[in-house]
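Chemist: Have a look at this one.
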Amino acid sequence: MQAIINFLRGSVLFTVTGAFPERFLNLCAQRGVGFWDLEWLDEHSLQLRVARGDAKRVGELAEKVMCEASAQRRAGIPFFLAGFRRRYALLLGLALSIAAVCVLSRFILTIEVSGNEKVPTAAILTELSRQGVRVGAYGPGLDVRRISQEALIRLEDLAWMSVNLHGTRAEVLVREKLPTPELRDETTPAHVISAATGIITHMEVLEGQPSFQEGDTVLEGEVLISGVVDLKEPKYATVDAGQRLVHARGNIYARTWRTLEAEIPLEAQVKAYTGEKETGWSLILLGHSVNFFGKTGIPMDGYDKISTTRVFTLPGGRVMPLALRKTEYRAYETVPAALDPDAAQAMLEEQLADRLEKLVGEDGEVVQLSFAAREAEGILTVTAKAECREQIGREVTFEGTVGETTPAQPLPAG
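Mapping the sequence shown onto numbering that gives the first Met the number 0, position 87 (from 1) lands on 86, and the numbers just tick up by one.
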């Protein structure tokens, strides 16, 4: 602590030389001149350090005891500031720098988000910005607990959030919600119906009464597994035991044949740049943009806006709240252009193949696929024909309650 005080008030290192330097030390003690860091150089000389306020008295006291005192080195804040005495611009710059450090240290300059995998960082930052947490925000004025709670309400895929302020850095920690397991409705009866026409290759009946067998041909919409199950009675019973409602479940695999089509015009309107362009520059500081050169907006219709932003970073990779943005406006005209038929066909075939993969699902596969293309009146049409193996069963509920039975009926006389 004393070292800090000495640095703030300033000190001077003296060398004292004479026949009896110890008399100088005694005189300093008598006159109240404090000293420290005393070091004897030899029998007739020593070094010591005194406060800046006592430096002028050292020479006078040394003369009284027939010694000579010479200042060797000055240290401390007062001497540092004295160097700016006639350099007013530097002194003003120093004062402004100190003020800027004191003021800016209370504002958020960087925001770091961690813990998210599926929820985009941009979505989290956008919501926090609505709540007031943004670059340039005044940190002490933020209620981070309330902000975290409000953001969680709006970001439904997050289970937990914590906003921590560390000086100019805002640290946002999040935890995403675990996937909610799908709950099966076991109280409502259901049939398993066919989602496509095909030939059944394999049946896995988990619940319900099958209506078809492997090798049968089924049409789209037919009931594959019924949710109405016939109750069995002894072989020679005289009454029908009735029926019971269940929630039918199962996997029905079938060979299916699908036909898909897609088309595209072979002539399209495209942009052709004229060569005319305008350029604007802006400085982004603490989230605010300041335009300082060139255009500030698109001059008129028929211009493309292309922005390039350079973010400044400190050594070590820490991002600064300062960026330079170049905005270029390029004029264009729309002109007709012919598409390459081969390229257009390849694009449509890729789109149809993607659609087919989604239709058959993860459990299905495309066994055979062929394409045919035709052109008429400037329109290219591509047709995809495919043989697939897919799971065609889809559950469809109907009115009633699982476990409900119909009353037994007498069997007709035979």
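Where a beta carbon is used, it is the ideal one built from N, C-alpha and C, also for glycine.
Quick check on F106: does DSSP put it in helix, strand or coil?
Modeler: Working through the sequence shown from its first residue, we reach residue 106 at position 107. DSSP places F106 in strand when its eight states are reduced to three.
Chemist: Report yes or no: do three or more beta-carbon pairs, one from the region 127 to 143 and one from the region 101 to 114, lie closer than 8 Å?
Modeler: The region 127 to 143 vs the region 101 to 114: in contact.
Chemist: Using a threshold of 8 Å, state whether the C-beta atoms of E394 and A253 are closer than that.
Modeler: Here residue 394 is taken as the residue at index 395 of the sequence shown, counted from 1. Here residue 253 is taken as the residue at index 254 of the sequence shown, counted from 1. No, the Cβ-Cβ distance between E394 and A253 is not below 8 Å.
Chemist: Based on Cα-Cα distance, which residue from A195, T273, A271 lies nearest to E389?
Modeler: One-based indexing of the sequence shown puts residue 389 at position 390. The candidate whose alpha carbon is nearest that of E389 is A195.
Chemist: What separation, rounded to the nearest whole angstrom, lies between the Cα atoms of K231 and F397?
Modeler: Within the sequence shown, numbered from 1, the residue matching residue 231 stands at position 232. Within the sequence shown, numbered from 1, the residue matching residue 397 stands at position 398. When rounded, the distance between both Cα atoms is 23 Å.
Chemist: What is the C-beta distance between T465 and E62, in whole angstroms, given that I count them as a contact (C-beta under 8 Å)?
Modeler: Outside the displayed range of the chain (0 to 413) lies residue 465, so it cannot be described from this structure.
Chemist: If you draw a straight line from the C-alpha of D353 to the C-alpha of A261, how long is it?
Modeler: Working through the sequence shown from its first residue, we reach residue 353 at position 354. Working through the sequence shown from its first residue, we reach residue 261 at position 262. Straight-line Cα distance between these residues: approximately 12 Å.
Chemist: Output the residue ranges of the beta strand (DSSP E) runs that lie fully inside the region 22 to 104 and measure 3 residues or longer, sorted by chain position.
Modeler: 34 to 41, 44 to 50, 66 to 74
Chemist: Out of V245, F34, S147, T14, which has the shortest C-alpha to C-alpha gap to W159?
Modeler: Numbered from 1 along the sequence shown, position 160 holds the residue referred to as residue 159. Of the candidates V245, F34, S147, T14, the one whose C-alpha sits nearest the C-alpha of W159 is S147.
Chemist: Residues in the same chain with beta-carbon distance under 7 Å from G131, minus the five sequence neighbours each way, listed in chain order, please.
Modeler: As a first step, residue 131 must be located in the sequence shown, where it is residue number 132. So the qualifying residues of the chain are L141, I146.
Chemist: Can you have a look at L410 and say buried or exposed, based on whether 16 or more other CB atoms are within 10 angstroms of its CB?
Modeler: As a first step, residue 410 must be located in the sequence shown, where it is residue number 411. At L410 the pLDDT is 47, less than 50, meaning the model places this residue with poor confidence; the figure from the coordinates comes in the next sentence. Exposed.
Chemist: With 16 other CB atoms within 10 Å as the buried threshold, where does V11 fall?
Modeler: What you label residue 11 is simply residue 12 of the sequence shown in a count that begins at 1. When all chains shown are included, V11 counts as buried.
Chemist: Roughly how many angstroms separate the alpha carbons of R30 and L24, rounded to a whole number?
Modeler: Indexing the sequence shown from 1 puts residue 30 at position 31. Indexing the sequence shown from 1 puts residue 24 at position 25. Answer to the nearest angstrom: the Cα atoms are 10 Å apart.
Chemist: To the nearest whole angstrom, what separates the beta carbons of W39 and R48, a pair I think is in contact under 8 Å?
Modeler: Along the sequence shown, one-based indexing puts residue 39 at 40. Along the sequence shown, one-based indexing puts residue 48 at 49. Not confirmed; about 14 Å, so no contact.
Chemist: In whole angstroms, what is the alpha-carbon distance linking T405 and T380?
Modeler: By one-based count along the sequence shown, residue 405 stands at place 406. By one-based count along the sequence shown, residue 380 stands at place 381. Looking at the two C-alpha atoms, the distance is approximately 54 Å.
Chemist: Which residues in the same chain as S193 place their Cβ atom closer than 6 Å to its Cβ, once the five residues preceding and following it in sequence are excluded?
Modeler: Position 194 of the sequence shown, counting from 1, holds the residue named residue 193. Result list for S193: V217, E219, E221, L223, I391, in chain order.
Chemist: Which runs of the alpha helix (DSSP H) spanning at least 4 residues fall entirely within the region 200 to 272, listed in chain order?
Modeler: Entirely contained in the region 200 to 272, not one alpha helix (DSSP H) run reaches 4 residues.
Chemist: Whole beta strand (DSSP E) runs in the region 335 to 386 with 3 or more residues, listed along the chain?
Modeler: Those beta strand (DSSP E) runs which fall completely within the region 335 to 386 and span 3+ residues are 364 to 375.
Chemist: Of the choices K384, G92, L157, G377, whose alpha-carbon is the least far from that of L368?
Modeler: Here the question's residue 368 lines up with position 369 in the sequence shown. Minimum Cα distance to L368 is reached at K384.
Chemist: Should Y272 be labelled buried (16 or more other beta-carbon atoms within 10 Å of its own) or exposed?
Modeler: Position 273 of the sequence shown, counted from the first residue, corresponds to residue 272. Per the 10 Å Cβ criterion, exposed.
Chemist: Taking the straight line between their C-alpha atoms, what separation do you get for L351 and P335?
Modeler: On the sequence shown, position 352 is the one that residue 351 refers to. On the sequence shown, position 336 is the one that residue 335 refers to. For L351 and P335, the distance between alpha carbons rounds to 26 Å.
Chemist: From what residue to what residue does the alpha helix (DSSP H) around A169 run?
Modeler: One-based indexing of the sequence shown puts residue 169 at position 170. A169 -> not in any alpha helix (DSSP H); beta strand (DSSP E) instead, spanning 168 to 175.
Chemist: Can you give me the start and stop residues for the alpha helix (DSSP H) that N5 sits inside?
Modeler: Counting from one through the sequence shown, the residue named residue 5 turns up at place 6. From DSSP, the alpha helix (DSSP H) with N5 extends over 1 to 8.
Chemist: Just how far apart, CA to CA, sit A18 and G75?
Modeler: Start at 1 with the first residue of the sequence shown, and residue 18 comes out as number 19. Start at 1 with the first residue of the sequence shown, and residue 75 comes out as number 76. So the two alpha carbons sit approximately 31 Å from each other.
Chemist: Could you tell me the alpha carbon to alpha carbon distance between A345 and L355, rounded to whole angstroms?
Modeler: Position 346 of the sequence shown holds residue 345. Position 356 of the sequence shown holds residue 355. Approximately 15 Å between the Cα atoms of the pair.
Chemist: Do the region 304 to 313 and the region 358 to 368 touch if we need at least three Cβ pairs shorter than 8 Å?
Modeler: no
Chemist: Please state whether DSSP places P320 in a helix, a strand or coil.
Modeler: Here the question's residue 320 lines up with position 321 in the sequence shown. Correct three-state label for P320: strand.
Chemist: Considering only residues of the same chain and omitting the five flanking positions on each side of A372, which have a CB-CB separation below 6 Å?
Modeler: Against the sequence shown, residue 372 aligns to sequence position 373. Once the five neighbours on either side are set aside, the close Cβ partners of A372 are Q344, V381.
Chemist: I need the straight-line Cα distance from A267 to D300, nearest angstrom please.
Modeler: Position 268 of the sequence shown, counted from the start, is the residue given in the question as residue 267. Position 301 of the sequence shown, counted from the start, is the residue given in the question as residue 300. Cα-Cα distance, rounded: 20 Å.
Chemist: Report all residues from its chain with a CB closer than 7 Å to the CB of E461; omit the five preceding and five following residues, and keep chain order.
Modeler: Residue coverage of the chain in this structure runs from 0 to 413, which leaves residue 461 outside it and unanswerable.
Chemist: Per the contact definition of three or more C-beta pairs closer than 8 Å, is the region 318 to 337 in contact with the region 206 to 217?
Modeler: no
Chemist: List the endpoints of the continuous beta strand (DSSP E) containing E185.
Modeler: The residue labelled residue 185 in the question sits at position 186 within the sequence shown. It is not in any beta strand (DSSP E) - E185 carries neither H nor E in the DSSP assignment.
Chemist: Using the rule of at least 16 other Cβ atoms within 10 Å of the residue's Cβ for burial, across every protein chain shown, is H43 buried or exposed?
Modeler: Within the sequence shown, numbered from 1, the residue matching residue 43 stands at position 44. Under this definition H43 is an exposed residue.
Chemist: Taking just the CA atoms, how far does L182 sit from G402?
Modeler: Sequence index remark: in the sequence shown, residue 402 carries index 403 (1-based). Sequence index remark: in the sequence shown, residue 182 carries index 183 (1-based). The straight-line gap from Cα to Cα measures roughly 19 Å.
Chemist: What residues in its chain sit with their C-beta under 6 Å from that of A54, if we drop five residues either side in the sequence?
Modeler: What you label residue 54 is simply residue 55 of the sequence shown in a count that begins at 1. These residues qualify, in order along the chain: V11.
Chemist: So, for N163: in the same chain, excluding its five sequence neighbours on each side, which residues have a beta-carbon less than 6 Å away from its beta-carbon?
Modeler: If you number the sequence shown from 1, residue 163 lands on position 164. Cβ-Cβ distances below 6 Å link N163 to E170 in the same chain, with the five nearest sequence neighbours on each side left out; the list follows chain order.
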